[in-house]
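>
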Amino acid sequence: MELTEALALIRRVPDFPEPGVVFQDITPVLGTPAAFKAVVDAMANTLPGDVDAIVAIDARGFFFGAAVAYARGLGVVPVRKSGKLPVVGGKAAYSLEYGAAEIEIPAGIIEPGQRVAVIDDVLATGGTAAAACELVELAEVEVAGITVLLEIGALGGRDRLAGRKLDTLLTV
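The sequence shown begins at 0 in numbering that gives the first Met the number 0 and counts up by one.
Rendered as structure tokens:
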């Protein structure tokens, strides 16, 4: 399956999770093996060659982050919502399109001087990705790039990540 065909499977769901939000439903991509493979391959191809690990953002970023890490022979560092990790290395607060939250990074998984790529499903306001980058950089690890499946351009996430290598497969 071509990447354009895979991306065409993403559904727009109005008023979810609350009125006024148009949710981008990626589950048809996840549930279609050829589409999932096309997206994972495209995401893996955006990464620099000298990345040491993939930082995958909770929760849907885990699907793509783990698959890209496998494709590239790398480990995965899960950035989780607050309270989900047994050993926390750092915590950052951020704002969402429809609220606020905190994320945490596990302790002792990445080492100072390493380079990582951050992977998530959707870039909206950029708050989650910016917070993930902050956590990584506090650990003295370089963010070599950020890759997302889908960017919601009107919400300004790209501006919030200005100066960083950012690859998106689809912008709506």
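For every residue, glycine included, the Cβ atom is placed at its ideal position computed from N, Cα and C.
From the beta carbon of Asp40, is the nearest beta carbon of chain C less than 8 Å away?
Here chain C cannot be found, since the structure has a single protein chain.
> Between Glu150 and the rest of its own chain, which residues show a CB-CB distance below 6 Å, the 5 nearest in sequence each way excluded?
The residue given as residue 150 occupies position 151 in the sequence shown. So the qualifying residues of the chain are Leu122, Thr167, Thr170.
> Starting from the C-beta of Gly19, find all residues in its chain whose C-beta is less than 7 Å away, skip the five residues before and the five after it, and write them out in chain order.
Your numbering for residue 19 matches position 20 in the sequence shown. Around Gly19: no qualifying Cβ.
> Put Arg163 into one of helix, strand or coil per three-state DSSP.
As a position in the sequence shown, residue 163 is number 164, starting the count at 1. Correct three-state label for Arg163: coil.
> Identify every residue that forms a DSSP beta bridge with Val78.
Numbered from its first residue, the sequence shown carries residue 78 at position 79. Answer is Ile56.
> Using the rule of at least 16 other Cβ atoms within 10 Å of the residue's Cβ for burial, across every protein chain shown, is Glu103 buried or exposed?
In the sequence shown, counting from the first residue as 1, residue 103 sits at position 104. Its Cβ being crowded by 16 or more others within 10 Å, Glu103 is buried.
> Can you tell me whether DSSP reads Glu139 as helix, strand or coil?
As a working note, residue 139 is residue 140 in the sequence shown. DSSP places Glu139 in coil when its eight states are reduced to three.
> Would Leu6 pass as a contact of Val78 if the rule is Cβ separation under 8 Å?
Position 7 of the sequence shown, counting from 1, holds the residue named residue 6. Position 79 of the sequence shown, counting from 1, holds the residue named residue 78. No; because the gap between Cβ atoms is not below 8 Å, this pair is not in contact.
> Please confirm if the stretch 41-49 is in contact with the stretch 12-27, defined as three or more CB-CB distances below 8 Å between the two stretches.
At 8 Å Cβ cutoff, the stretches do not touch.
> Under the assumption that Ala55 contacts Val75 (Cβ atoms under 8 Å), give the Cβ distance between them as a whole number of angstroms.
Here residue 55 refers to the residue found at position 56 when the sequence shown is read from its first residue. Here residue 75 refers to the residue found at position 76 when the sequence shown is read from its first residue. With a Cβ gap of about 5 Å, Ala55 and Val75 count as contacting.
> Give a yes or no on whether the C-beta atoms belonging to Leu8 and Val28 are separated by under 8 Å.
As a first step, residue 8 is located in the sequence shown; it is residue number 9 there, counting from the start. As a first step, residue 28 is located in the sequence shown; it is residue number 29 there, counting from the start. For Leu8 and Val28, yes; Cβs fall inside 8 Å.
> Which residues bound the beta strand (DSSP E) around Val50?
Stepping through the sequence shown from its first residue, residue 50 is reached at position 51. Per DSSP, Val50 belongs to no beta strand (DSSP E) and is neither H nor E.
> To the nearest whole angstrom, what separates the beta carbons of Ser94 and Gly126, a pair I think is in contact under 8 Å?
Counting from one through the sequence shown, the residue named residue 94 turns up at place 95. Counting from one through the sequence shown, the residue named residue 126 turns up at place 127. That pair is a contact at about 5 Å.
> Of the choices Gly89, Asp49, Gly98, whose alpha-carbon is the least far from that of Thr124?
The residue labelled residue 124 in the question sits at position 125 within the sequence shown. Out of Gly89, Asp49, Gly98, Gly98 has the C-alpha closest to the C-alpha of Thr124.
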